[in-house]
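Residue numbering for the sequence shown follows numbering that gives the first Met the number 0, beginning at 0 and increasing consecutively. What follows is one structure encoded as C-alpha cells, with my remarks underneath.
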Amino acid sequence: MSQEVRGIIAKAKGEPVSMETIVIPDPGPGEAVVEIQACGVCHTDLHYREGGINDEFPFLLGHEAAGVVESIGEGVTNVEVGDYVVLNWRAVCGNCRACKRGEAQYCFDTHNAAQKMTLTDGTELSPALGIGAFCEKTLVHSGQCTKVDPKAPATAAGLLGCGVMAGIGAAINTGQVTRGQSVAVFGCGGVGDAAIAGAKLAGASTIIAVDIDDRKLEWAKGFGATHTCNSSNVDPVEYIQSVTDGNGADVCIEAIGHPAVYKQCFEARDLAGTVVLVGVPNPEMTIELPFIEVFGRGGSLKSSWYGDCLPERDFPMLIDLYLQGRLDLDGFVSEEIGLGDVEEAFHKMERGEVLRSVVVL
Numbered sequence: 000m001s002q003e004v005r006g007i008i009a010k011a012k013g014e015p016v017s018m019e020t021i022v023i024p025d026p027g028p029g030e031a032v033v034e035i036q037a038c039g040v041c042h043t044d045l046h047y048r049e050g051g052i053n054d055e056f057p058f059l060l061g062h063e064a065a066g067v068v069e070s071i072g073e074g075v076t077n078v079e080v081g082d083y084v085v086l087n088w089r090a091v092c093g094n095c096r097a098c099k100r101g102e103a104q105y106c107f108d109t110h111n112a113a114q115k116m117t118l119t120d121g122t123e124l125s126p127a128l129g130i131g132a133f134c135e136k137t138l139v140h141s142g143q144c145t146k147v148d149p150k151a152p153a154t155a156a157g158l159l160g161c162g163v164m165a166g167i168g169a170a171i172n173t174g175q176v177t178r179g180q181s182v183a184v185f186g187c188g189g190v191g192d193a194a195i196a197g198a199k200l201a202g203a204s205t206i207i208a209v210d211i212d213d214r215k216l217e218w219a220k221g222f223g224a225t226h227t228c229n230s231s232n233v234d235p236v237e238y239i240q241s242v243t244d245g246n247g248a249d250v251c252i253e254a255i256g257h258p259a260v261y262k263q264c265f266e267a268r269d270l271a272g273t274v275v276l277v278g279v280p281n282p283e284m285t286i287e288l289p290f291i292e293v294f295g296r297g298g299s300l301k302s303s304w305y306g307d308c309l310p311e312r313d314f315p316m317l318i319d320l321y322l323q324g325r326l327d328l329d330g331f332v333s334e335e336i337g338l339g340d341v342e343e344a345f346h347k348m349e350r351g352e353v354l355r356s357v358v359v360l
C-alpha cells in the first residue's frame with residue numbers, strides 16, 4: 000500500500016523549492032523504501048533546481064542521505080528491513096562492459112528504482128541522482144543502499160553519499176596519492192576539503208589548499224592542508240612551485256569545474272604528475288591547452304566519477320575510519336536544519352557561508 004510523506008520539490012527552473020506531499024509506492028522487485036534520518040544539502044541539488052542537470056522537472060531533491068530500510072521488494076538480498084544504510088547513486092549492474100572487465104567503479108548502467116514517486120495528483124517526480132532524499136521516506140533500487148556501522152550518526156554518514164566520497168575518492172582512488180607526495184587542491188568547498196582529507200589519509204606530506212576565500216582556506220587547514228594560497232592575490236602556480244622545491248605538485252585536484260582553474264592545475268603539477276578533475280563543469284565550457292605541454296609534461300589527466308568509488312567497498316571503510324577518529328566527517332557539518340530550511344541553505348551555499356547544511360528528519 001502506498002504512503003504519503005513530506006518532501007522538497009523543485010517545480011521549475013530557478014524557482015524557490017517547496018514542501019509537498021509525496022506518494023511513495025510499495026517497493027517492487029529489487030527496490031527498497033528507506034526512512035531518511037539525515038540528508039546533506041549538496042551543490043548538485045542546486046544545479047538541479049537551476050536546470051543545470053536536465054529539464055525533467057519537477058525534481059524531488061536530496062541525495063546525500065542515511066537512514067533505515069523500512070521495506071524491501073521481491074528478490075532483494077543485499078539489505079534487510081532495519082538495516083542502517085547510506086544511499087548511493089552507483090548501484091552497479093554487474094553486466095556492462097566496465098563491470099565485466101572488473102572495473103565496476105566505472106559501471107555504465109547503474110540502477111535506480113523502476114517505479115516513480117509522485118505528487119498526490121499523479122505527477123511523476125524525477126529524484127535527484129535517482130535518490131530524492133529531502134523526504135521523510137524515499138524509494139530506491141536496493142543496490143543504492145550500502146550497509147554501514149549504525150554507531151555513526153546519520154548527519155555524518157550521509158555525507159559519504161556524494162560530496163565527501165567524491166573528494167576523498169578523487170585523492171585516493173583517482174589520484175592514487177601515496178605517502179610523501181605533494182598534493183594541491185583547487186577549490187575548498189565540501190568536495191575540495193574532502194580531497195584534502197583524503198590526501199592526508201593517504202600520507203601526503205605537503206597539501207596545498209587554493210581558494211579565493213580566506214574563510215574557506217581556514218576550513219581547509221582543519222582537514223589537513225599544510226599550506227594555503229589565496230589565488231585572488233597570489234599566483235597559485237608560482238606559489239605551489241615555491242613550496243615544492245620549484246617542481247610543482249605530484250597531484251593537482253580541480254574541485255571547481257572551471258577551465259581557467261583546470262589550466263592552473265595543469266601548469267602547477269610536476270613532470271609526470273597527475274591532474275584530477277572532480278569539479279563539474281557546465282556543458283558550454285571548453286578548454287584549450289598547449290599540445291606540446293600535454294606531451295612534454297607526461298603524467299596523467301584524469302576525470303573522477305564519484306571519486307571512482309565502489310560504495311560497498313568504500314563507505315564501510317570510511318565509516319570505520321570516522322569511528323576510529325581518523326576521518327572528521329563531523330567537520331563538514333556546518334549546521335543542522337529542517338526540511339523547510341532547504342531554500343535558505345541554498346542561499347548560504349551560494350554565499351560561501353557553509354560547507355554542508357544537513358537536513359535532519
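Glycine included, C-beta positions come from ideal geometry on N, C-alpha and C. Owing to the predicted nature of the structure, the values given are computational and were not obtained by experimental measurement.
Residue nearest to A271 in terms of C-alpha spacing, selected from N111, V147 and Q180: Q180
Inter-residue spacing [alpha-carbon to alpha-carbon] between V163 and A97: 24 Å
Span of the beta strand (DSSP E) around D210: T205 to D210
Presumed contact (8 Å Cβ cut-off) between A165 and G306, rounded CB distance: 5 Å
L338 versus D148: straight-line alpha-carbon distance, rounded: 25 Å
Enclosing alpha helix (DSSP H) for C98 [first to last residue]: R96 to K99
DSSP bridge partner residues for I23 (one or two, in chain order): Q2
For V75, the nearest candidate out of T285, A194 and G142 (CA to CA): G142
Integer Cβ distance of I207 from H226, believed to fall under 8 Å: 5 Å
Residues of its chain near I21, where Cβ-Cβ distance is below 6 Å and the 5 sequence neighbours each way are ignored: V4, G6, M116 and C134
Rounded straight-line distance, which links the Cα of M0 to that of I171: 44 Å
C-beta contact flag for A65 and A153 at 8 Å: yes
Straight-line gap, V353 to E63 (C-alpha atoms, nearest Å): 16 Å
Close-in-space but distant-in-sequence residues of the same chain around N77 (CB under 6 Å, 5 per side omitted): S141
A259 to V80 span [Cα, whole Å]: 48 Å
Terminal residues of the beta strand (DSSP E) in which Q36 lies: E30 to G39
Validate contact between the segment 94 to 111 and the segment 9 to 20 using beta carbons, cut 8 Å, 3 pairs: no
Beta carbon of V209 nearer than 8 Å to that of C228: yes
K215, buried or exposed, once every other Cβ within 10 Å from all chains shown has been counted against 16: buried
Own chain, CB closer than 8 Å to E73, minus 5 neighbours either side, in chain order: G27, P28 and G29
Cα-Cα separation, H42 to S241: 33 Å
Residue interval of the beta strand (DSSP E) (run including C264): That residue, C264, is in no beta strand (DSSP E); its alpha helix (DSSP H) goes P258 to A267.
Extent of the continuous alpha helix (DSSP H) run through R296: F290 to R296
CA-to-CA distance, V293 to R268, given in whole angstroms: 12 Å
Buried versus exposed, by CB contacts within 10 Å (16 or more), S302: exposed
Continuous alpha helix (DSSP H) stretch holding Y83: start and end: Counting along the chain, Y83 falls outside any alpha helix (DSSP H), though it belongs to the beta strand (DSSP E) covering Y83 to L86.
8 Å contact criterion, which E123 and E69 should meet: CB distance rounded: Not confirmed; about 22 Å, so no contact.
Three-state secondary structure assigned by DSSP to R89: coil
Nearest candidate by alpha-carbon position, reference G157, set L59, D44, N53 and V84: V84
V353 (DSSP reduced to helix, strand or coil): coil
Whether S125 touches F222 by CB criterion (8 Å): no
Distance between H46 and V182 (C-alpha atoms, nearest Å): 28 Å
Helix, strand or coil at D249 according to DSSP, with G and I counted as helix: strand
K136, buried or exposed, once every other Cβ within 10 Å from all chains shown has been counted against 16: buried
Where V32 falls, given that 16 or more other Cβ within 10 Å makes a residue buried: buried
Neighbour-count burial assignment, L160, 16 or more Cβ in a 10 Å radius: Sequence inspection shows Gly at residue 160; the Leu mentioned does not correspond to that position. Looking at its Cβ environment, which holds 16 or more other Cβ atoms inside 10 Å, G160 is buried.
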